[in-house]
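Undergrad:
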Amino acid sequence: MVWSASPAMPDSNFDEMAESRKKIADGAPLWAVLLHELLTRPTGFPGRTRFVALMMIDGALILSTMLLVVLAIPGPISAAFHGRPSLIALFCLTALFTISLTGLYWRSWRFLSFGDCIAISTAVGVGMAAGWSACLIISSKIRGAPFDALGFALLHSALLLVAMISARTLRRGLREMARSRLMLTGDRHDILLLGELEWIRSLLELLRADPANRFDVVGALTFDGRETRLQVAGVPVLGSPEKLPEIVEALTVRGRKPESLVIRGNPAMPRRAFSHLVTLADKCDLTVARADDLHKNEEGEPRIQIKHFELADLLGRPEVSLDRNSVDRLIRSRRILVTGAGGTIGGELVRQIASFKPAEIVLLDHSEFNLYTIEMQARDLFPDVICRPELCSIRERSALDDVFSRHQPEIVFHAAALKHVPLVEGNPCAGAHTNVLGTRNVADAVCAHGALAMIQVSTDKAVNPVGIMGATKRLGELYCQALDLIGQCDPDSPRFMTVRFGNVLGSSGSLVPLLQQQMAAGKPLTVTHPDIERYFMTVGEAVQLILQSSARAMEAMIDRGTIFVLDMGEPIKIVDIARRMIRLAGLRPDIDVPIEFVGLRPGEKLYEELFDATEEQTRSTIPGVIEAMPCPVPLEKLVAAFSELSHLIAACDEDGVRDLMKELLRAPAQSTWVKTLREMTREIDVIGKAANE
175 MVWSASPAMP
185 DSNFDEMAES
195 RKKIADGAPL
205 WAVLLHELLT
215 RPTGFPGRTR
225 FVALMMIDGA
235 LILSTMLLVV
245 LAIPGPISAA
255 FHGRPSLIAL
265 FCLTALFTIS
275 LTGLYWRSWR
285 FLSFGDCIAI
295 STAVGVGMAA
305 GWSACLIISS
315 KIRGAPFDAL
325 GFALLHSALL
335 LVAMISARTL
345 RRGLREMARS
355 RLMLTGDRHD
365 ILLLGELEWI
375 RSLLELLRAD
385 PANRFDVVGA
395 LTFDGRETRL
405 QVAGVPVLGS
415 PEKLPEIVEA
425 LTVRGRKPES
435 LVIRGNPAMP
445 RRAFSHLVTL
455 ADKCDLTVAR
465 ADDLHKNEEG
475 EPRIQIKHFE
485 LADLLGRPEV
495 SLDRNSVDRL
505 IRSRRILVTG
515 AGGTIGGELV
525 RQIASFKPAE
535 IVLLDHSEFN
545 LYTIEMQARD
555 LFPDVICRPE
565 LCSIRERSAL
575 DDVFSRHQPE
585 IVFHAAALKH
595 VPLVEGNPCA
605 GAHTNVLGTR
615 NVADAVCAHG
625 ALAMIQVSTD
635 KAVNPVGIMG
645 ATKRLGELYC
655 QALDLIGQCD
665 PDSPRFMTVR
675 FGNVLGSSGS
685 LVPLLQQQMA
695 AGKPLTVTHP
705 DIERYFMTVG
715 EAVQLILQSS
725 ARAMEAMIDR
735 GTIFVLDMGE
745 PIKIVDIARR
755 MIRLAGLRPD
765 IDVPIEFVGL
775 RPGEKLYEEL
785 FDATEEQTRS
795 TIPGVIEAMP
805 CPVPLEKLVA
815 AFSELSHLIA
825 ACDEDGVRDL
835 MKELLRAPAQ
845 STWVKTLREM
855 TREIDVIGKA
865 ANE
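Numbering-wise, the sequence shown is residues 175 to 867 according to our numbering.
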């Protein structure tokens, strides 16, 4: 209990409270507004006034129950109190003073729990013991009938305990009634809760305590459904999530169809279970949301806030976990260079790499703003890590060579690329310049300056490409694979590893941000085709795949030329992603937000693939990763073709660029270069062993 007056609240806070109450009370009965104001103040009464008021109420209860027992039970104890108001006053004051010393009036009685009942029982027991002890000392009549006094005291204590709990319960009941009358005037939202019984009860208590609450809980679900037909805080337990369609149908018949299914936000459900739950909710026309952990509002009131899920929770599979030990051995105390450091993948690479304490990170990007942004983030999050920003384009061979010469990186992560399918399709020379010749420039610099490894970021669009963007990424893969394979004869040669993955959720210019912008602007969501589907992953998973596969490949000496692909589960239809986004925003597909099909874009496939027919899949030792051995193009052929490609790009010959890339992509199907190379390597190993013997 705080006896000093509270500091004055700023006028702005008073204005906000008044505005909030105006919204709550709009159209409500005056008596409900006044009762709600009286019973929902932070302390009920200010300072000492509250303390005195509570003591007066309990004092009246002690006196009234004492008189009731005296009148109802004649005998020596009743006779001891007849005509002696001073003895009754002594008893009441002693009991009340003792109860106050137990700390009972330092509790908030707006919420009455089992623990509060125990506290009242303890306080009443101590207070009654003190009161009767005082009476025993003063009155000889009471001392003369000890057994009568004991029965009298027990009955009085029981009546007083019931009276005190009833008074506090009545206060809470009046408050609930006033709140319900206020809330009836506003929009209400029927919801279902899913979780453990303890969490459901806590959430119900907090929702009912929130004056701004607009949610009516019409039922509860538990994961196993064993508590069906029970009630939690007056709300029926209806079953398990598997019975959601039947439960919603039954509630609809009774006119209480829920709008949302609310589950606990932390800890989150496993992704497979959550994906199945969303599918069931979608069939029942329900949105899915989470209730965040307990927090307090500006007035110090406890509150649960209901929020919608992030789309990344809908992948339907567990996230990839990172083997930090192997990555730490790859990164720690080494000089790292990241191309495209200002992009979505490059930026996440920088942040995760910096956590392993490299000797320095060279941030290379051609965009001044993006480079500035990632440098500031890295310096702010990791002040002990040396960051070297380099404003440079991978197209500029001499400038790139100068960066390598000055910093001598040991590990290079190549994430710079042009990735937007329609833009690259319309600008084939620019796409080939960056994705093909730029990749060649980075790889050649790695060889020239003695780096240990280069990890190239690729995409599933490079598999059986139908567009320019996929073709350029495939040629970049082929060049790095050829360099990696040619190094089989020299154990000290750099490693060139290719990491391939699908669509990254939330990356700049990708599907999810576009749909979010359209939804925020109140526009229809545009999808190219009702059957188009893609593999999805989070940006964190993409970067973990890059780090983990490269670290394990370096340590385990995985065969050169190997391609690493994340096991992303089953592909997801784009239209399903759009529908889930709408539902997770609390809206209904095709009713609140329409979906329009606009047709496939140039260079876009209906389905994506992870491997082509010439690639041989192998069992991987890396969890969540699939490996494949390619059928590459001979390095000398690629060198000659890239030289010709450079001339075509300089001449802006778009048709020539397209034709040359198509010709190169037909080559791997007939290539026997890698087989010949491995046979030569085995012969060299045999000759070496014979010489040693």
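Backbone N, C-alpha and C fix where the C-beta goes; we use that ideal spot for every residue, glycine too.
Check the C-beta distance from Cys561 over to Ile519 and give it rounded, since I have them as a contact under 8 Å.
TA: Actually they are not in contact, since the Cβ atoms of Cys561 and Ile519 sit about 18 Å apart, beyond 8 Å.
Undergrad: Provide the residue(s) that pair with Ile737 in DSSP beta bridges, ordered along the chain.
TA: Looking at the DSSP assignment, Ile737 forms a beta bridge with Thr672 and Ala802.
Undergrad: State the Cα-Cα distance for the pair Asp467 and Ile421, rounded to the nearest angstrom.
TA: Residue placement at Asp467 cannot be trusted, given a pLDDT of 46 that sits under 50; the coordinates are not used to answer.
Undergrad: Would DSSP call Tyr279 helix, strand or coil?
TA: Helix.
Undergrad: Quick check on the DSSP output: the beta strand (DSSP E) that includes Phe397 runs from which residue to which?
TA: Careful: Phe397 lies outside any beta strand (DSSP E) and carries neither H nor E.
Undergrad: State the beta-bridge partners of Met711 as determined by DSSP.
TA: DSSP lists Val678 as partners of Met711.
Undergrad: Would you call Asn615 buried or exposed, if buried means 16 or more other Cβ atoms sit within 10 Å of its Cβ?
TA: With 16 or more Cβ atoms within 10 Å of its Cβ, Asn615 is classed as buried.
Undergrad: Does the beta-carbon of His540 have 16 or more other beta-carbons within 10 angstroms, so that it is buried, or is it exposed?
TA: Burial call: buried.
Undergrad: May I ask which residues mark the beginning and end of the beta strand (DSSP E) holding Cys561?
TA: Counting along the chain, the beta strand (DSSP E) containing Cys561 begins and ends at Cys561 to Leu565.
Undergrad: Please name the residue in Ala528, Ala327, Leu278 and Gln582 whose C-alpha comes closest to that of Gly624.
TA: If we check each option's Cα against that of Gly624, Gln582 comes out closest.
Undergrad: Check the C-beta distance from Leu264 over to Phe255 and give it rounded, since I have them as a contact under 8 Å.
TA: Contact flag wrong, Cβ pair sits at about 11 Å.
Undergrad: Between Ser507 and the rest of its own chain, which residues show a CB-CB distance below 6 Å, the 5 nearest in sequence each way excluded?
TA: Cβ neighbours of Ser507 beyond the five flanking positions: Ala533.
Undergrad: Sort Ala752, Glu789, Leu784 and Gly777 by Cα distance to Phe771 and report the nearest one.
TA: The residue with the shortest Cα to Cα distance from Phe771 is Ala752.
Undergrad: Apart from the five residues just before and just after Pro704, which ones in its own chain have a Cβ nearer than 7 Å to its Cβ?
TA: Only Val749 and Phe771 meet the Cβ criterion.
Undergrad: To the nearest angstrom, how far is the alpha carbon of Ile527 from that of Arg553?
TA: Taking the straight line joining both Cα atoms gives about 13 Å.
Undergrad: With distances taken from CA atoms, which of Asp576, Ser434 and Gly249 is nearest Leu418?
TA: With distances taken between Cα atoms, Leu418 lies closest to Ser434.
Undergrad: Considering only the alpha carbon of each residue, which of Gly277, Glu789, Met731 and Arg258 lies closest to Ser313?
TA: Looking at the Cα atoms, Arg258 is the closest of the given residues.
Undergrad: If you draw a straight line from the alpha carbon of Leu822 to that of His607, how long is it in whole angstroms?
TA: Cα-Cα distance, rounded: 10 Å.
Undergrad: Work out the CA separation of Lys593 and Gly605 for me, nearest whole Å.
TA: Looking at the two C-alpha atoms, the distance is approximately 8 Å.
Undergrad: Within this structure, are the beta carbons of Ala730 and Thr788 separated by less than 8 Å?
TA: Going by C-beta atoms, Ala730 is not nearer than 8 Å to Thr788.
Undergrad: Please classify Trp306: is it buried, with 16 or more other beta-carbons within 10 angstroms of its beta-carbon, or exposed?
TA: Per the 10 Å Cβ criterion, buried.
Undergrad: Val367 to Trp373, Cα distance in whole Å?
TA: Inspection of the sequence shows that residue 367 is occupied by Leu rather than by Val. For Leu367 and Trp373, the distance between alpha carbons rounds to 10 Å.
Undergrad: If we count the other Cβ atoms within 10 Å of its Cβ and call it buried at 16 or more, is Asn677 buried or exposed?
TA: Answer is buried; the Cβ neighbour count reaches 16.
Undergrad: Distance check for Gln722 and Pro797, CA to CA, integer angstroms please.
TA: Each residue's alpha carbon lies about 9 Å from the other.
Undergrad: Checking 8 Å against the spacing of the C-beta atoms, do Val436 and Leu451 come in under that value?
TA: Cβ atoms of Val436 and Leu451: not closer than 8 Å.
Undergrad: Mark Met230 as exposed unless 16 or more other C-beta atoms lie within 10 angstroms of its C-beta, in which case mark it buried.
TA: It is exposed - the Cβ of Met230 has fewer than 16 other Cβ atoms within 10 Å.
Undergrad: So what's Val411 in DSSP terms, helix, strand or just coil?
TA: Of the three classes helix, strand and coil, the one that applies to Val411 here is strand, per DSSP.
Undergrad: Excluding the 5 residues flanking Phe578 on each side, which residues of the same chain have their C-beta closer than 6 Å to its C-beta?
TA: Within the same chain, Phe578 has close Cβ partners Ala619 and His623.
Undergrad: Here's the rule I'm using: 16 or more other beta-carbon atoms within 10 Å means buried, otherwise exposed. How should Met550 be labelled?
TA: With fewer than 16 other Cβ atoms within 10 Å, it is exposed.
Undergrad: Enumerate, from N- to C-terminal direction, the unbroken beta strand (DSSP E) stretches of 3 or more residues contained entirely within the region 232-257.
TA: Listed in chain order, there is nothing to give.
Undergrad: Consult DSSP for Asp390 and reduce its assignment to one of helix, strand or coil.
TA: Here Asp390 sits in strand by DSSP.
Undergrad: Rounded to the nearest angstrom, what separates Glu472 and Leu523 at their Cα positions?
TA: A caution first: Glu472 carries a pLDDT of 49, below 50, which makes its placement in the model unreliable, though a value can still be read off. So the alpha carbons of these two residues sit roughly 38 Å apart.
Undergrad: Between which two residues does the alpha helix (DSSP H) carrying Asp634 extend?
TA: It is not in any alpha helix (DSSP H) - Asp634 carries neither H nor E in the DSSP assignment.
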